[in-house]
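Residue numbering for the sequence shown is 0 to 411, as defined by numbering that gives the first Met the number 0.
Right, one structure below, let's go through it.
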Amino acid sequence: MIFDATQAKRRQGPRGSFDMLLVIALVGLACVGVVMVTSSSIAVADSQHIGAFYYLKKHLLFLSLGAIVATFAMRTELKVLEKHAWMMFGGAVLLLVLVFVPGVGMRLNGAHRWLNFRITTFQPVEAVKLILVVYVASYLVRHRESVETSFWGLFKPIMVAGLFVVMLLVQPDFGSATLMIAVTIGMIWMGGANPVYLGGMGLPVVALLWFVAKFEPYRMRRLTSFVDPWADPFNDGFQLTQSLMAIGRGEWTGVGLGSSVLKLSYLPEAHTDFIFAVISEEFGLAGILFVMLLFGVAVGRGLYLGAKGMEIGQRFAGYVACGISMMIGLQAMVSIGVNLGALPTKGLTLPLISYGGSSIVLTCAMAGVLLRTTYEINRAIDARQMATRMPANAVPDANAAAAAPGREAVTA
0 MIFDATQAKR RQGPRGSFDM LLVIALVGLA CVGVVMVTSS SIAVADSQHI
50 GAFYYLKKHL LFLSLGAIVA TFAMRTELKV LEKHAWMMFG GAVLLLVLVF
100 VPGVGMRLNG AHRWLNFRIT TFQPVEAVKL ILVVYVASYL VRHRESVETS
150 FWGLFKPIMV AGLFVVMLLV QPDFGSATLM IAVTIGMIWM GGANPVYLGG
200 MGLPVVALLW FVAKFEPYRM RRLTSFVDPW ADPFNDGFQL TQSLMAIGRG
250 EWTGVGLGSS VLKLSYLPEA HTDFIFAVIS EEFGLAGILF VMLLFGVAVG
300 RGLYLGAKGM EIGQRFAGYV ACGISMMIGL QAMVSIGVNL GALPTKGLTL
350 PLISYGGSSI VLTCAMAGVL LRTTYEINRA IDARQMATRM PANAVPDANA
400 AAAAPGREAV TA
């Protein structure tokens with residue numbers, strides 16, 4: 000007996016699929032990270048007498064944990080995140096408050112940014128980045144009309160972002176605060192907000208950030224030292240001058256893997272904030288372009304599929320995809336810009352590449368949620384294609400109806 004393939008597919012219902020180009024780009028970035036953490040951290044570990052591969056082992060441990068979290072995120076329906084967006088928001092506020100609680104929060108280098116779990120530490124801001132994207136996406140779905148037509152429709156998401164910004168500035172964490180407000184404004188703009196209203200809401204927050212930067216001497220030194228780091232190469236301009244020398248040594252094809260000189264106790268934070276400078280020195284312009292290509296593919300595919308999701312009615316998935324893509328893309332752009340001397344120094348790691356515990360695990364979580372959005376968007380596209388091929392007298396499949404555009408869960 001011969002079965003018609005189209006009819007069989009209809010009985011099975013629409014099929015989702017993860018975007019393979021996005022998977023390749025994200026896995027590629029993680030692989031580059033493993034190689035470069037190995038190369039850049041050996042000298043640091045040796046100088047601390049903790050074993051040459053200490054940071055590599057920890058990085059692989061965190062990356063493995065991140066892969067588990069990402070797998071769980073990829074298998075979680077987005078309607079679950081949408082339904083619990085308010086609870087996640089409350090959890091984010093609690094996490095940012097706990098960093099100031101004695102015995103729970105930790106103060107390192109003058110900043111309250113970590114929680115002490117005895118066996119490890121955790122930086123809450125990494126989780127808050129994802130929670131902010133989910134909350135704003137949920138709000139844009141629930142209040143789409145007011146966001147598009149009313150000034151007050153923009154008030155709530157901007158104030159939520161403003162609350163996070165204030166709490167981060169108290170820690171202080173100026174880089175993450177700036178990143179969050181930029182992503183929030185970008186998501187609201189994609190939600191159809193009136194540019195005039197958006198500017199009216201966003202400018203006071205930008206003014207607040209400038210005020211905070213201007214009246215903190217160390218922040219102003221960071222803002223001004225990148226203009227001419229050679230004016231004070233052994234003090235305020237030290238990090239940037241070492242980074243620029245590393246990039247300059249790389250020339251076209253680099254000095255070779257493991258052959259960096261500046262990572263040998265010259266370049267501060269060689270395996271974290273300034274790992275891009277080590278990539279530039281060891282692989283040259285070719286390495287720079289390769290890393291930027293991977294980020295370009297990952298962010299570009301996320302934004303494209305997010306826009307596609309909004310177009311076919313999968314608005315929550317679309318907003319989340321665009322928000323996460325912007326979060327990863329802007330953080331990468333800032334990190335690369337700092338290393339190249341195009342932006343003032345900020346304490347932001349290069350996503351999926353720099354060494355880090357909370358950063359790696361939560362970036363993997365964001366990647367998992369991003370991949371889940373592509374799965375659900377592709378499933379909705381498949382459902383739409385099935386509906387157009389279905390005969391007029393046919394009864395729609397239950398699974399197809401469930402995945403049809405416009406059937407997203409809406410929180411109260």
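Just so you know, even glycine gets a beta-carbon here, dropped at the ideal spot from N, CA and C.
Since this is a predicted model, take the numbers as computed values, not measurements.
At the level of alpha carbons, what is the spacing between residue i and residue j?
i      : j      : result
LEU261 : ALA24  : 28 Å
LYS82  : ASN234 : 50 Å
ILE278 : MET35  : 7 Å
ASP18  : ASP227 : 43 Å
GLY50  : GLU125 : 28 Å
THR177 : GLU375 : 30 Å
ALA91  : LYS78  : 19 Å
ILE287 : SER264 : 22 Å
ILE352 : PRO101 : 32 Å
ALA192 : ALA181 : 15 Å
MET385 : ALA379 : 10 Å
LEU167 : SER46  : 32 Å
VAL195 : LEU202 : 11 Å
PRO350 : ARG388 : 42 Å
PRO156 : TYR138 : 7 Å
ALA411 : SER259 : Any reading at ALA411 needs caution, since the residue's pLDDT is 33, under 50, leaving its predicted position unreliable; the model's value is listed next. One C-alpha to the other measures close to 55 Å.
SER16  : VAL22  : 11 Å
GLN122 : MET365 : 15 Å
ALA341 : ALA84  : 36 Å
LEU162 : THR75  : 28 Å
VAL103 : ILE67  : 26 Å
ILE130 : LYS57  : 26 Å
LEU93  : VAL169 : 15 Å
PRO232 : TYR53  : 31 Å
ALA285 : HIS142 : 46 Å
VAL26  : MET87  : 27 Å
LEU266 : LEU339 : 13 Å
LEU20  : ALA160 : 31 Å
ALA206 : GLU144 : 28 Å
Give me, in chain order, the residues of the same chain whose beta-carbon lies closer than 7 Å to that of residue i; leave out the 5 immediate sequence neighbours on both sides.
i      : result
GLY405 : The pLDDT assigned to GLY405 is 44, lower than 50, so where the model puts this residue is not dependable; a value taken from the coordinates is nonetheless given after this. Excluding positions up to five away in sequence, the list reads GLY312.
PHE99  : HIS111
GLY322 : VAL132, VAL135, ALA136, VAL182, MET186
VAL164 : ALA176, MET179, ILE180, VAL204
LEU256 : SER38, GLU281
ILE41  : ALA51
PHE254 : The amino acid at residue 254 is misidentified as Phe; the sequence shows Val. Around VAL254: ARG248, GLU280, GLU281.
ALA316 : LEU77, GLY308, THR372, GLU375, ILE376
LEU107 : TRP113
PRO171 : ALA110
Nearest CA to the CA of residue i: which residue from the options?
i      : options                        : result
GLY346 : ILE274, MET105, GLU144         : ILE274
MET179 : MET158, LYS56, SER137, GLY65   : MET158
LEU329 : HIS48, GLU144, GLY90, MET186   : MET186
ILE327 : THR348, LYS307, ALA316, ARG314 : THR348
VAL337 : ASP272, ALA285, GLY299         : ASP272
THR119 : TYR318, VAL164, GLU250, MET105 : MET105
ASN115 : SER40, SER357, GLY367, VAL31   : SER357
PHE210 : GLY27, PHE173, ASP231          : PHE173
LEU55  : ILE67, THR37, VAL43            : THR37
GLY438 : PRO171, GLY308, PHE88          : Any question about residue 438 goes unanswered here, given that the chain covers just 0 to 411.
TYR354 : PRO13, LEU20, VAL43, ARG14     : VAL43
GLY89  : VAL127, ILE41, GLU280, GLY32   : VAL127
VAL31  : ASN377, MET86, ALA316, LEU59   : LEU59
ALA269 : VAL33, ALA160, SER242, HIS142  : SER242
Output needed for residue i: all residues of its chain with C-beta closer than 6 Å, excluding positions within five of it in sequence on either side, in chain order.
i      : result
ILE359 : PHE61, LEU62, GLY65
HIS48  : none
GLU310 : none
MET200 : LEU153, ILE157
GLU250 : GLY283
SER324 : VAL298, GLY301, LEU302
Sorted by chain position, which residues of the same chain lie with C-beta nearer than 8 Å to residue i's C-beta, five sequence neighbours on each side aside?
i      : result
LEU197 : LEU153, ILE184, ILE187, TRP188
ALA4   : Confidence is the limiting factor: at ALA4 the pLDDT is only 48, short of 50, which leaves the residue's position unreliable and the question unanswerable from this model.
VAL319 : LEU77, LEU80, VAL132, VAL133, ALA136, GLY305, VAL368, LEU369, THR372
LEU28  : VAL290, LEU293, PHE294, ALA297, PRO350, LEU351, ILE352
VAL33  : LEU55, HIS58, LEU59, LEU62
Quick test of your reading: residue i and residue j, contact by CB under 8 Å. State the CB separation rounded to the nearest angstrom.
i      : j      : result
GLY283 : THR252 : 4 Å
ARG314 : VAL140 : 5 Å
LEU239 : THR344 : 7 Å
ALA230 : GLY236 : 6 Å
PRO415 : ALA382 : No statement about residue 415 is possible, as the shown extent of the chain runs from 0 to 411 and does not include it.
How about residue i: is its Cβ closer than 8 Å to a heavy atom in the ligand ZN?
i      : result
VAL100 : Of ligands this structure carries none, so the ligand ZN is not represented either.
TODO: Count the C-beta pairs between the region 61-74 and the region 287-307 that are closer than 8 Å, then say yes if the count reaches three, no if not.
DONE: Contact fails: fewer than three Cβ-Cβ distances are below 8 Å.
Open item on the list: Below 8 Å, how does it come out for the region 146-157 and the region 322-336: are there three or more Cβ pairs, yes or no?
Closed with: no
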